[in-house]
Amino acid sequence: DSGVTQTPKHLITATGQRVTLRCSPRSGDLSVYWYQQSLDQGLQFLIHYYNGEERAKGNILERFSAQQFPDLHSELNLSSLELGDSALYFCASSVGLAGSGYNEQFFGPGTRLTVL
Amino acid sequence: DQQVKQNSPSLSVQEGRISILNCDYTNSMFDYFLWYKKYPAEGPTFLISISSIKDKNEDGRFTVFLNKSAKHLSLHIVPSQPGDSAVYFCAASSNSGGSNYKLTFGKGTLLTVNP
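Listed below in structure tokens is the structure:
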């Protein structure tokens, strides 16, 4: 158990809908990262938050957005869903960010999203 | 453009033997490398890492070797155990810019250790 929790574990929805994925980082971790794993792709970085602030964006679509709340949990919002958005979405957390020494990222169990 | 490549989708070894998983990267700005293990229906689990200032890091049965000139790293597992059967991901990070430690992953290698 990494200490990172994600809900829900599975989500089935229809095209055009909007969903919210939730992540609670390990106790004490300030950084939260979101990754997407599609069938034919490895894990792709989506976005990074540190202590409530967005720090970097990766391959994140404009239909997707995220935020990190004062209690440090994070939510990933996916809207106008398409079939191709079906994937595993992982959240990871780490203690800090660059400049404080590298921090290994600890991953949650993931949310499997199926868009029908 | 795949910056981290794991060219072997799968590897099968006998219990007790050495498993060698390979990874190549193209981005010379990468300065930290990690290996993660992933079981089905679970998130990736951190295994071992290495900074670009080193060429070897050892942790129990796991050793990671880094050859910067060849932009190549490898994970050695000795001796291999059936419980090591999983997908292994190589990941890399760059501290340039000083603000983010996003990981760039390879597509993974499925290791099967046969009893």
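Just so you know, the sequences run in chain order W and C. When we follow my numbering, the leftmost residue of the first sequence carries the number 758, and every step to the right adds one. When we follow my numbering, the leftmost residue of the second sequence carries the number 7, and every step to the right adds one. Heads up, the beta-carbon is just placed ideally off N, CA and C, and yes, glycines get one too.
Of all residues in the region 40-63 of chain C, the ones placed with a Cβ closer than 9 Å to any Cβ belonging to chain W are L40, Y42, K44, A47, E48, G49, P50, T51, F52, S55 and S57, in chain order.
The shortest CA-to-CA distance from T762 (chain W) to any of C:G49, C:K77, C:D61 and C:S100 is the one to C:G49. Taking a beta-carbon distance threshold of 8 Å, F68 (chain C) does not count as an interface residue toward chain W. Neighbours of F111 (chain C) in chain W, taken as residues at a C-beta separation under 7 Å, are given in chain order as G799 and L800.
The three-state reading of DSSP puts L787 (chain W) in coil, since its state is none of H, G, I, E or B.
Residues of chain C whose Cβ lies closer than 7 Å to the Cβ of N816 (chain W) do not exist; the shortest such Cβ separation is about 10 Å. Contacts with chain C at 8 Å (Cβ-Cβ) include Q862 (chain W). Residues of the region 810-842 of chain W whose Cβ lies closer than 7 Å to any Cβ of chain C, in chain order: R812, A813 and G815. Taken atom to atom, the span from the alpha-carbon of I56 (chain C) to that of Y42 (chain C) is near 12 Å. When secondary structure is reduced to three states using DSSP, L835 (chain W) falls in the strand class. Under the rule that a run must span 3 or more residues, the beta strand (DSSP E) segments found entirely inside the region 9-54 of chain C read 16-20, 25-31 and 38-44. A check of alpha carbon separations from L870 (chain W) across W:G773, W:L778 and W:S759 identifies W:L778 as the nearest. Residue state for D65 (chain C) is assigned as strand, using DSSP reduced to three classes.
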